[in-house]
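Chemist: Sending over a structure as structure tokens; questions will come in a sec.
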Amino acid sequence: MNIASLSERSRIWRLVAQHVWQRTLKWVHGGPVFRLRPFTSVPSRLLIAPQDLRTADATNAADIYGGRFLFSGHLVETQGRSPFELQVVHEDWQRELHSFGWLRDLRASDSQIARQNARALVEDWIRYSGRWHDIGWEASVVTRRILSWLAHSPFVLQDGDHEFYRSFVKSLARQVRYLRQTINETDDGVERLQAALAITAACISMAGQGRFARQSFRRLDHELMRQILPDGGHISRNPRALIDILADLLPIRQAFVSQGLEMPPSMLQSVDRMMPLLRFFRHGDGALAHFNGMGSTPSDLVATILAYDDARGAPPVNAPHSGYQRLSGTNSVVLMDAGPTPALGVSGDAHAGCLSFEFSSGVNRIVVNCGVSPKSNPIWRKVSRSTAAHSTVSIEDTSSCRFLSEKPFGHMLGAPILSGPNDVPVEREDDQAGSRVTASHDGYAADYNVVHERDMRLSGDGTVLDGIDTFQAIGDVDRSQKFAIRFHLHPGLRTSLLRGGSAILLVCRDGEAWEFEAPGSEILLEESIYLSDVFGHRKTEQIVVAGSLLETPSVSWQFRKTATAKLSRRGTSDFDEIEELPLEEDQKDGEESQ
């Protein structure tokens, strides 16, 4: 047994022990004793309702009134029964039902029938699940339900009688008490921070919570300071975390102001840090780069969040604490993952994509990572986290990280990263000619005695992206070991081989064209799949440059813009009406010789 496996086994057993201990504490704090204990401390009234920033869809109100609940891709028709009576097998459907996020859809319809329907469904939940429900009382579900009930309480309580008002507030307070008692047993990361936000929101919104306020505010301050890095990133390194946290944090910050309360010191600092980094991850079309668990971008929510950004300055070029780099040139943007593996406890959604990058020009995304599937499917989740699903180098079709396998502890602990890139040195140069980033990682050092280094330069005008992938041997390297450099292409591109397969033409929907080449290397165009699409999975293509580690210690490649967009009429082919860009003299000479 080697040292690496001993270290991994140690991490696994530490996770198991921590999991058992947390489950024990959760049973003590929120188990049968909590459920049987009478609850008499009922707040007299609600003081304020924090705003819900998430977008509503009023058309869903009619379906809900008709007993048709479409959640997480599953449609359930209740046939006149309460949805909380049903024994539905889809756990994700139940989580969305019990989270009550759909209250915003009922509220958006702004009708008397919708208000009555909302009150009836809240009463049903209190009747059937108010004491306990295996999924309805999961910490993350309780958090979302508390925030939803608080935000939409004016809508739910309007025209309701005193008995319903008291029942609503009593149930809400009971859920807050449960979350307060079990917050230490929630999963570390975003879930725990959101639980702290929900408890804080309740302290501000409900009367008679003064004795809990100081402790709740202090806990929120602690979680923000611990989880939000100095550059604004989250400790999980997931860009999606910024959206989820800000969507809850901003309304609570406004509630502090409205109530004239002193905010925790870290609240303003965290918002000021996260806003620029949210801009950092955006491409020209507004979508966020697909790194470490980021799926399709909720563009409407991102736009709402960014409306709260008073500075609205240019995004930073460097996020050293989060481990990301941004190269910009005119309208072109390159975003690169140049950071180590997140800590074990927050790596459950992290990917093996070290040194992967995404590349866009204006509103056209060109090189992407496959992203995250919206489908709750363990197979697709495993695929999306692999190195092969990212625009970077994989060796022997293995990932640069080792994930906890499904057996025997995967079902219990999820799939955190047990080992991966730890040493990721980064150098950056910025001048008038452009921006250059050189980074390497040791994710393959233990198994293959190779360190992967990637050197990328984006020209100042954004028309040329040059890259060099180098494989540095740090020991004996097996002659049979192969590498593959993948460049996953956005499904909006059309491709064709040029010059006998030595180059590839990439044409965007608006006619903008780019050319890829890797001199001295064989270029393959293979099938790929784009997972992070709002319309589901989409077929796409990937450029693959493969070779032997010993025979090809480095590979140079280039993306060069060859045409700007110029589509003049509907129905024009993507390859028509293309305006060529002027070539440099050495490029002209090269084409004439060919």
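Residues in the sequence shown are numbered from 176 upward in steps of one, following my numbering. Ideal Cβ placement from N, Cα and C applies to all residues, glycine included.
1) Could you check what DSSP says for residue 652 in three-state terms: helix, strand or coil?
2) Please report the residue range of the alpha helix (DSSP H) in which residue 657 lies.
3) Does DSSP put residue 355 in a helix, in a strand, or in coil?
4) Helix, strand or coil, according to DSSP, for residue 534 in the structure here?
5) Which of the three DSSP states, helix, strand or coil, is assigned to residue 466?
6) Please report the distance separating the alpha-carbon of residue 817 from that of residue 405.
7) Any idea which residues DSSP pairs residue 716 with across the strands?
8) Alpha carbon to alpha carbon, how far is residue 593 from residue 734?
9) Looking at C-alpha atoms only, which residue of 307, 196 and 358 is the closest neighbour of residue 212?
10) Looking only at C-alpha atoms, which of 371, 719, 305 and 453 sits nearest to residue 482?
11) Thinking C-alpha only, which one of 249, 616 and 224 is nearest residue 550?
12) CA-CA distance, residue 711 and residue 338?
13) Can you tell me whether DSSP reads residue 333 as helix, strand or coil?
14) Closest to residue 702 by CA distance: which of 622, 719, 327 and 709 is it?
15) Run through DSSP, which three-state label would residue 732 get?
16) With a CB to CB cut of under 8 Å and the five nearest residues on each side skipped, what residues in its chain are close to residue 354?
17) Which residue marks the beginning of the beta strand (DSSP E) containing residue 565, and which one marks its end?
18) Could you tell me the distance, in whole angstroms, from the CA atom of residue 717 to the CA atom of residue 465?
19) How about residue 602 and residue 614: are their beta carbons less than 9 Å apart?
20) Identify the residues that DSSP records as bridge partners of residue 493: which are they?
21) Taking just the CA atoms, how far does residue 539 sit from residue 461?
22) According to DSSP, is residue 765 helix, strand or coil?
23) Give the straight-line distance between the Cα atoms of residue 534 and residue 485, rounded to the nearest whole angstrom.
24) Taking the straight line between their C-alpha atoms, what separation do you get for residue 224 and residue 346?
25) Quick one: what's residue 601 bridged to in DSSP?
26) Mind checking which residues open and close the beta strand (DSSP E) that includes residue 688?
27) I'd like the list of long-range same chain contacts for residue 204, defined as Cβ closer than 6 Å, with 5 residues on each side in sequence excluded.
28) For residue 778, collect the residues of the same chain with a Cβ closer than 7 Å to its Cβ; drop the 5 residues on either side in sequence, then sort them by chain order.
29) For the beta strand (DSSP E) containing residue 509, name the first residue and the last one.
30) Could you have a look at residue 288 and say whether DSSP puts it in helix, strand or coil?
31) If I follow the unbroken beta strand (DSSP E) through residue 416, where does it start and stop?
32) Secondary structure at residue 631, three-state DSSP: helix, strand or coil?
33) Grab me the residues of residue 194's own chain with a C-beta within less than 8 Å of its C-beta, minus the 5 sequence neighbours each way, in chain order.
34) Quick one: is residue 744 buried, meaning 16 or more other Cβ sit within 10 Å of its Cβ, or exposed?
35) Along the chain, where does the beta strand (DSSP E) containing residue 594 start, and where does it finish?
36) Taking the alpha helix (DSSP H) that residue 374 falls in, what are its first and last residues?
Modeler: On the basis of the coordinates in this document:
1) The answer is coil: DSSP assigns residue 652 none of H, G, I, E or B.
2) In the DSSP annotation of this structure, residue 657 is not part of any alpha helix (DSSP H); the continuous beta strand (DSSP E) holding it starts and ends at 657-664.
3) Annotated three-state conformation of residue 355 is helix, per DSSP.
4) Strand, per DSSP.
5) Residue 466 falls in the coil class under three-state DSSP.
6) Residue 817 lies beyond the range of the chain shown here (176 to 769); nothing can be said about it.
7) DSSP links residue 716 through a beta bridge to 702.
8) Distance between the alpha carbons of residue 593 and residue 734: 35 Å.
9) That would be 307, whose Cα lies nearest to the Cα of residue 212.
10) Closest by alpha carbon: 453.
11) Distances from the alpha-carbon of residue 550 to those of 249, 616 and 224 put 249 closest.
12) Rounded to the nearest angstrom, the two C-alpha atoms are 45 Å apart.
13) In the structure shown, residue 333 sits in coil (DSSP, three-state: anything other than H, G, I, E or B).
14) Nearest of 622, 719, 327 and 709 to residue 702, Cα basis: 719.
15) Look at residue 732 here: in three-state DSSP terms it is strand.
16) Contacts found: 314, 317, 318, 321, 370, 373 and 374.
17) Secondary structure note for residue 565: it is in no beta strand (DSSP E), with a DSSP letter that is neither H nor E.
18) Going by the C-alpha atoms only, they are around 16 Å apart.
19) Yes, they are a contact pair.
20) Bridge partners of residue 493: 500.
21) In a straight line, the C-alpha of residue 461 is about 10 Å away from that of residue 539.
22) Residue placement at residue 765 is flagged as unreliable, the pLDDT there being 40, under the threshold of 50; the coordinate-derived value follows with that caveat. Per DSSP, reduced to three states, the secondary structure at residue 765 is helical.
23) Approximately 28 Å, taken between the alpha carbons.
24) Approximately 16 Å between the Cα atoms of the pair.
25) Beta-bridge annotation (DSSP): residue 601 is paired with 614.
26) Per DSSP, residue 688 belongs to the beta strand (DSSP E) from 688-692.
27) Its chain contains 356 and 357 as the residues whose beta carbon lies nearer than 6 Å to that of residue 204, once the 5 sequence neighbours on both sides are disregarded; these appear in chain order.
28) The question about residue 778 has no answer, for the chain in this structure spans 176 to 769.
29) Annotation: the continuous beta strand (DSSP E) that includes residue 509 extends over 507-512.
30) If DSSP states are grouped into helix, strand and coil, residue 288 belongs with the helices.
31) Note, residue 416: premise wrong, no beta strand (DSSP E); alpha helix (DSSP H) at 414-434.
32) DSSP places residue 631 in strand when its eight states are reduced to three.
33) Cβ neighbours of residue 194 within its own chain (closer than 8 Å, five residues either side excluded): 587 and 588.
34) Residue placement at residue 744 is poorly supported in this model, since its pLDDT is 41, which falls under 50; the coordinates still yield a value, given next. Classification of residue 744: exposed, given that the 10 Å Cβ count is below 16.
35) Where residue 594 is concerned, the enclosing beta strand (DSSP E) stretches over 592-594.
36) Boundaries of the alpha helix (DSSP H) harbouring residue 374: 365-380, taken from the DSSP string.
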